[in-house]
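Down below is the structure, laid out as structure tokens.
Numbering (the working numbering), first residue to last: 689 to 947.
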């Protein structure tokens, strides 16, 4: 039997070095692999290049690595609610490769599927394809590093010619992922919206490290219920179901009179 379990988050991330590339699951604060992020933060690892939909908030998620200047580059689809993310980018302290959300998802999936690149309509006619999108500022409002021009080709699809831009796949050294349930072979089940970018990040990492709320024995998960097969997973650690799960922005309404 292939037992992929590790005794703790700290042990599971112990070999991640300075300068590593990471694919990290989560969307906003949903599905963040927080125990793994905290363990990595505690090790003092820095100069990281991270691919994730966003960068948490100022004091949670990837935001705790960002706050201590541990991240060199982010590849993300939006800055979100993280003011420090915005500040570091505009001041030239952080490189940011802004990527359309669907394109980012497909770049991760393609990396895990062994597809080197793909063509998409998203970004055609914009700086995404034409280049010049700021990746790093010089600290005084000028652009120090800009995105390159990408290959654009015309294809006939459904009897109509359209332009498509070439996007390269993403493969990272490691992936950090959160799942609801997993077995010792690494087969995973995600919980509703917390699935988000987690399976895609898992696929893209050469070494995929997963924290699960519940660890079960092989055979306890119906094969038809598996969201991500264990072939993509290398290390799995149980963190329990009582871990803190923050809400990025809570919206409530007053109770109507007489209710």
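Glycine included, each C-beta is placed from N, C-alpha and C at the ideal position. This structure is a prediction, so every number in the text was calculated from the model and none was measured.
- Query: Starting from residue 752 and walking both ways along the alpha helix (DSSP H), at which residues does that stretch end?
  - Reply: Note, residue 752: alpha helix (DSSP H), 751 to 755.
- Are the CB atoms of residue 901 and residue 869 nearer to each other than 8 angstroms? In contact: residue 901 and residue 869 (Cβ atoms closer than 8 angstroms).
- Item | Beta-carbon separation (whole angstroms), residue 808 vs residue 853, contact threshold 8 angstroms | A Cβ-Cβ separation of about 6 angstroms places residue 808 in contact with residue 853 under the 8 angstroms criterion.
- State yes or no: is the C-beta of residue 897 within less than 8 angstroms of the C-beta of residue 871? At least 8 angstroms separates the beta-carbon of residue 897 from that of residue 871.
- Task: Going by CA-CA distance only, name the one from 837, 827, 802 and 831 that's closest to residue 817.
- Result: The alpha carbon of residue 817 has as its nearest neighbour, out of 837, 827, 802 and 831, the alpha carbon of 837.
- Task: Measure from the alpha carbon of residue 715 to the alpha carbon of each residue in 737, 766, 724 and 706, then state which is nearest.
- Result: Among 737, 766, 724 and 706, the Cα nearest to that of residue 715 belongs to 766.
- Query: Are at least three pairs of beta-carbons, each pair with one atom in the region 766 to 775 and one in the region 735 to 748, less than 8 angstroms apart?
  - Reply: These segments touch.
- Message: For residue 739 and residue 858, which I take to be in contact (beta-carbon distance under 8 angstroms), what is that distance rounded to the nearest angstrom?
- Response: Sure, about 6 angstroms apart at Cβ, within 8 angstroms.
- For residue 766, which of helix, strand or coil comes out of DSSP? Coil, per DSSP.
- Task: Decide yes or no for the touch test of the region 911 to 925 against the region 877 to 892: beta carbon pairs closer than 8 angstroms, at least 3 of them.
- Result: Touching, yes, given that three or more Cβ pairs across the two stretches are closer than 8 angstroms.
- Query: In whole angstroms, what separates the C-alpha of residue 753 from that of residue 882?
  - Reply: Rounded to the nearest angstrom, the two C-alpha atoms are 21 angstroms apart.
- Message: Going by DSSP in three states, residue 899 sits in which element: helix, strand or coil?
- Response: Here residue 899 sits in strand by DSSP.
- Task: Measure the CB-CB distance between residue 741 and residue 718 and report whether it falls below 8 angstroms.
- Result: Going by C-beta atoms, residue 741 is not nearer than 8 angstroms to residue 718.
- Starting from residue 887 and walking both ways along the alpha helix (DSSP H), at which residues does that stretch end? It spans 886 to 892 - the alpha helix (DSSP H) in which residue 887 sits, taken as one unbroken run.
- Same chain, Cβ closer than 7 angstroms to residue 824, five either side skipped, listed in chain order: So the list reads 780, 783, 832 and 833, once near-sequence residues are dropped.
- Query: Around the Cβ of residue 804, are there at least 16 other Cβ atoms within 10 angstroms (buried) or fewer (exposed)?
  - Reply: When all chains shown are included, residue 804 counts as exposed.
- Burial state of residue 860 (16 or more Cβ within 10 Å): With 16 or more Cβ atoms within 10 Å of its Cβ, residue 860 is classed as buried.
- Query: How would you label residue 751, buried or exposed, when you count the other beta carbons within 10 angstroms and need 16 or more for buried?
  - Reply: Residue 751 comes out buried.
- Message: What residue range does the alpha helix (DSSP H) around residue 688 cover?
- Response: Since the first residue shown for the chain is 689 and the last is 947, residue 688 is missing from the structure and cannot be characterised.
- Reference residue 936; option with closest CA among 711, 694 and 720: In terms of CA proximity to residue 936, 720 leads the group 711, 694 and 720.
- Count the other C-beta atoms from every protein chain shown that fall within 10 angstroms of the C-beta of residue 893, then say buried if there are 16 or more, exposed otherwise. Buried: at least 16 other Cβ atoms inside 10 Å.
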